[in-house]
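**Student:** Below is the structure I would like to discuss, written out as C-alpha cells.
Residue numbers (UniProt numbering): 1 to 668.
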C-alpha cells in the first residue's frame with residue numbers, strides 16, 4: 001500500500017503539470033463546443049456544466065501556472081536542463097486560456113464585471129511568467145528562445161482584444177454606446193403616425209415569399225432595434241412605421257427567421273463577441289461563403305503570425321535534449337491553441353445554427369402533475385421532508401415540449417393583423433389593443449358573459465383558472481384533434497410553465513406558488529375526506545388517466561350544490577368550463593384559443609427587456625419571440641406602458657363597439 005502511494009506520488013510529480021495543461025486546453029475546447037448550444041433550450045444539468053466550465057477555465061489555467069512556478073523554484077539542475085525550458089514555454093499558452101474563448105465570453109448577464117478581474121489576473125500572472133522566463137531560461141537554442149519570445153508577444157494583442165470583447169458585451173456598454181433615444185409619448189404625433197400606418201396597411205399587397213427587407217430597415221433591425229428593446233427605450237413612431245411594412249409583407253417563415261436573427265444578435269452582443277458573424281450573414285445571407293472564408297482565414301493568419309512562426313521554430317529547434325512527454329505536450333498545446341484561434345471560422349461554415357433557436361415550446365400541466373403525485377405519493381412525502389418538493393413539481397408536471405413555435409407565432413401574427421385591420425382606429429384603441437386578456441375575443445364572439453366571471457382575477461390567477469378550464473374542456477369533450485384545441489392547450493401549458501419556472505417574465509409580482517395551490521385544491525377535491533362528504537360512491541378510486549381524471553373532477557363538482565371555500569380556483573375553472581361547453585365545439589375552441597393568444601401577448605408586452613436578455617443566456621423563452629414580434633409590428637411594449645401619463649380606460653362595457661367585419665375563423 002505504501003509502495004503504491006509512493007508510485008502515485010512520483011507519477012504525479014512527473015505528469016501532474018502535463019495533466020493540468022492538457023486539461024486546461026480540453027476545457028477551452030469544451031467551451032467552444034457548448035458555445036452554440038447555449039442558444040438552445042437546455043436542461044438544468046447542461047447549465048450546471050456550463051457554469052462549471054466557465055469557472056473551471058480560469059481555475060485550471062491558474063492552477064497549472066501555480067504548479068509551473070513552484071516546479072521552477074524547486075527544480076534541480078538536472079531537471080532544468082531536461083525539461084524546465086519547455087515548461088516555461090507553456091506559460092504564455094496557459095495565459096491565453098484565462099478568460100475563456102471569444103465565442104463564449106460570459107456565462108450569464110451578471111458576469112460582465114469579470115473585465116476588471118481578467119485584466120488584474122492577466123497582468124499579474126503575465127508579469128510573473130515573464131520574470132520567471134527571464135530567470136529560468138538556460139537553453140542556448142536560439143530558435144526555441146525566439147519561439148518563446150514570440151508566444152509572449154502574441155499575448156499582447158490577444159489580451160487587448162479579450163479586454164475589449166469583455167468591455168463591449170453587456171448592458172453597460174450597450175447603454176453607453178447606444179445611439180437610441182427614448183422618445184417621449186406625444187399624442188398628436190401618435191395620431192398622425194397611426195393615420196399613416198393605417199393608410200400603409202390599406203395599400204399594402206399580400207404577403208409574398210419574394211419580398212426582401214430594404215437595406216435601411218435591415219440596418220435599423222440589426223444595429224438599433226436590439227439595443228432599444230433590451231434597454232427598454234421607447235421606440236420612435238417613425239421606426240414602428242418602417243418595420244410595419246415588413247411585418248405585413250413577409251411570409252410566416254421569413255418573419256420567423258427575422259425574429260430569430262434579432263434574438264441571435266441580442267445573445268451575441270450580450271454574451272459573446274461573435275456578433276460580427278451575425279451581422280455578416282444577416283446582411284448578406286446568400287454571400288459566397290468560400291470567398292468570405294478565405295478572406296477571414298488570411299485575416300486571422302496575419303493576426304496569429306507570432307504563434308505560427310513559433311510553431312515553425314519549435315519544429316526546427318533542437319528538441320533532442322528534452323523528454324518525449326514534454327515534447328508531445330508542447331506540440332499538442334501549440335497546435336491546439338492555433339486551432340482554437342481559427343475555431344470561429346468553422347462557425348461560419350455552419351452558420352445556420354444560429355437560426356435553429358427554440359423551435360419547441362415547453363409544457364407544464366397541473367393535471368399531469370397530479371397523476372404523477374398520486375402515483376408516487378411516498379416519494380413526494382420524502383421530498384417534502386427534505387424540502388426539495390419544488391424540483392418534483394417542475395419535473396412531474398412537464399409534458400413533452402411541442403414543436404409548435406412557428407405555428408403559435410403565426411397565430412399571434414394573425415391576431416395582430418386582425419387588430420390593425422379591425423380594432424386600431426385611434427390612439428386609445430392602439431394603446432388598448434395590447435392591454436387585454438380575453439376581452440377582445442369575448443366582444444368579437446359575443447361572449448360577454450365571461451367578462452364578469454373573469455374580471456376580479458389578476459393575470460397569474462387567470463392563468464391557473466383558464467389552464468384548468470382548458471384541460472377540463474379538452475378531456476371532458478373527448479380530446480378533440482383539431483388545431484384550435486391543440487394550440488390552445490400548448491399555449492395554456494406554456495403559460496403555466498412560465499408561471500412556475502420564470503414568474504417574473506409572466507408579469508410583475510406573479511406568484512409561482514399558485515401552481516402548488518391548484519395542486520392542493522385538486523388533492524383536497526379528490527381526497528377521501530372530501531369524497532366521503534360529497535360523493536355517493538366512497539369506493540371510487542383515483543384515475544391516473546388525465547381524461548378520466550378530468551371527468552372525475554367534473555362528476556364530483558357536479559354532485560355538490562355549492563362551491564366549497566377550499567376549492568376557489570378549481571371550482572371557478574369548472575364553472576368557466578361548464579359555460580364554455582354550452583357553446584358549440586368550434587366556437588368554444590376559437591374563444592379559448594383567442595383568450596390564450598391575448599394572455600400571451602399581454603404577458604410579452606409587460607416583460608422587461610432585461611428579463612428577456614437574461615433568459616437568452618440559458619436558452620431563451622418562447623415569450624421573447626412574441627415580444628420581438630410585437631415590437632416589429634409597431635405595437636406597444638413595456639417601456640411604452642411606463643411612459644403613459646394617465647391610466648387608460650379598460651373594456652368595462654360589454655357594449656363597446658368593435659369592428660367585426662373579419663371572422664375569428666381566420667385564426668384556425
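In this text, a Cβ means the ideal position worked out from N, Cα and C, and glycines have one as well.
#1: Determine the direct distance from the alpha carbon of residue 481 to that of residue 457, and round the result to whole angstroms.
#2: Would you kindly report the start and end of the unbroken beta strand (DSSP E) that includes residue 250?
#3: Pull the bridge partners of residue 402 from the DSSP assignment, please.
#4: So what does DSSP say about residue 319, is it helix, strand or coil?
#5: Which whole-angstrom value is the C-beta distance of residue 609 and residue 232, which I expect to be below 8 angstroms?
#6: If you drop the 5 nearest sequence neighbours on each side, which residues of the same chain put their C-beta closer than 6 angstroms to that of residue 148?
#7: When the Cα of residue 26 is compared with those of 433, 57, 438, which residue comes out closest?
#8: Beta-carbon separation of residue 636 and residue 407 under 8 angstroms?
#9: Name the two residues that bound the continuous alpha helix (DSSP H) containing residue 717.
#10: Would you decide whether residue 204 is buried or exposed? Buried here means 16 or more other CB atoms lie within 10 Å of its CB.
#11: Could you tell me if residue 339 is buried or exposed, where buried requires 16 or more neighbouring beta carbons within 10 angstroms of its beta carbon?
#12: For residue 318, which residues from the same chain have a beta carbon less than 6 angstroms from its beta carbon, with the 5 sequence-adjacent residues on both sides left out?
#13: Which residue's Cα is closest to the Cα of residue 251: 512, 410, 548?
#14: What number of angstroms, rounded off, separates the C-alpha of residue 367 from the C-alpha of residue 459?
#15: Only counting the same chain, and skipping five residues up and downstream in sequence, which positions put a Cβ closer than 8 angstroms to that of residue 63?
#16: Can you tell me whether DSSP reads residue 442 as helix, strand or coil?
#17: For the structure I just gave you, are there three or more beta carbon pairs, one from the region 621-628 and one from the region 599-607, closer than 8 angstroms?
#18: Can you look up residue 234 in the DSSP assignment and give me helix, strand or coil?
#19: What residue range does the alpha helix (DSSP H) around residue 505 cover?
#20: Report the three-state DSSP secondary structure of residue 372 (helix, strand or coil).
#21: Can you check which of these residues, 71, 59, 67, 66, is closest to residue 98 by C-alpha distance?
#22: Spell out whether any CB of chain B is found under 8 angstroms from the CB atom of residue 189.
#23: Between residue 329 and the rest of its own chain, which residues show a CB-CB distance below 7 angstroms, the 5 nearest in sequence each way excluded?
#24: Hey, could you find the ends of the alpha helix (DSSP H) residue 550 is sitting in?
#25: Going by beta-carbon coordinates alone, are residue 194 and residue 555 separated by less than 8 angstroms?
#26: Check residue 455 in the structure and name its three-state DSSP category.
#27: Below 7 angstroms CB to CB, which residues in the same chain sit around residue 316 once its five sequence neighbours on both sides are set aside?
#28: By the DSSP assignment, the alpha helix (DSSP H) with residue 608 in it spans what residues?
#29: Compare the C-alpha of residue 428 against each of 343, 191, 467, 473 and name the closest.
#30: Measure the Cβ-Cβ separation of residue 362 and residue 256 and say whether it is below 8 angstroms.
#31: Determine contact between the region 433-444 and the region 591-598, defined as no fewer than three beta-carbon pairs at a distance below 8 angstroms.
#32: Skipping 5 residues on each side, what residues in its chain have a beta carbon closer than 7 angstroms to that of residue 284?
#33: Since residue 403 contacts residue 360 with CB under 8 angstroms, what's their CB separation in whole angstroms?
#34: Roughly how many angstroms separate the alpha carbons of residue 15 and residue 68, rounded to a whole number?
#35: Counting only the same chain and skipping the five closest in sequence on each side, list residues whose C-beta sits under 7 angstroms from that of residue 94.
#36: Near residue 154, which residues of its chain fall below 6 angstroms by C-beta distance, leaving aside the five closest residues on each side in sequence?
**Tutor:** Result, derived from the coordinates:
#1: One C-alpha to the other measures close to 30 angstroms.
#2: Unbroken run through residue 250: none, as it is neither H nor E.
#3: When DSSP reads this structure, residue 402 sits in a beta bridge with 361.
#4: It is coil, neither helix nor strand.
#5: Your pair residue 609 and residue 232 checks out as a contact, with CB atoms roughly 5 angstroms apart and the cut at 8 angstroms.
#6: If we look at residue 148 and ignore the five residues flanking it on each side, its Cβ neighbours are 89.
#7: In this structure, 57 is the residue among 433, 57, 438 with its C-alpha nearest to the C-alpha of residue 26.
#8: Cβ atoms of residue 636 and residue 407: not closer than 8 angstroms.
#9: Outside the shown range of the chain, which is 1 to 668, sits residue 717, and nothing can be said about it.
#10: The residue in question, residue 204, is exposed, as its Cβ has fewer than 16 Cβ neighbours within 10 Å.
#11: The residue in question, residue 339, is exposed, as its Cβ has fewer than 16 Cβ neighbours within 10 Å.
#12: The residues are 141.
#13: Considering only alpha carbons, the answer is 410.
#14: Near 20 angstroms, if we compare the C-alpha coordinates of residue 459 and residue 367.
#15: Closer than 8 angstroms at the Cβ level, and outside the excluded window around residue 63, lie 20.
#16: Residue 442: helix per DSSP, three-state reduction.
#17: Touching, yes.
#18: In the structure shown, residue 234 sits in coil (DSSP, three-state: anything other than H, G, I, E or B).
#19: Membership of residue 505 in the alpha helix (DSSP H) is indicated by the continuous run 503-506.
#20: Helix.
#21: Distances from the CA of residue 98 to each of 71, 59, 67, 66 were compared; the closest alpha carbon is that of 59.
#22: Absent from the structure is chain B; it holds one protein chain and no more.
#23: These residues qualify, in order along the chain: 18, 21, 22.
#24: Residue 550 -> alpha helix (DSSP H) spans 546-558.
#25: No, they are not a contact pair.
#26: Of the three classes helix, strand and coil, the one that applies to residue 455 here is coil, per DSSP.
#27: Counting only Cβ-Cβ distances below 7 angstroms, and skipping sequence neighbours, we find 143.
#28: Run containing residue 608: none; DSSP gives neither H nor E here.
#29: Checked all of 343, 191, 467, 473; the closest Cα to residue 428 is 191.
#30: In this structure, residue 362 lies away from residue 256, with their beta-carbon atoms at least 8 angstroms apart.
#31: These segments touch.
#32: The predicted position of residue 284 is uncertain, since its pLDDT is 47 and thus under 50; no value can be drawn from it.
#33: Contact flag correct, Cβ pair sits at about 5 angstroms.
#34: Here the alpha carbon of residue 15 sits roughly 12 angstroms from the alpha carbon of residue 68.
#35: Once the five neighbours on either side are set aside, the close Cβ partners of residue 94 are 21, 24, 61, 64, 65.
#36: Cβ within range, chain order: 306, 307.
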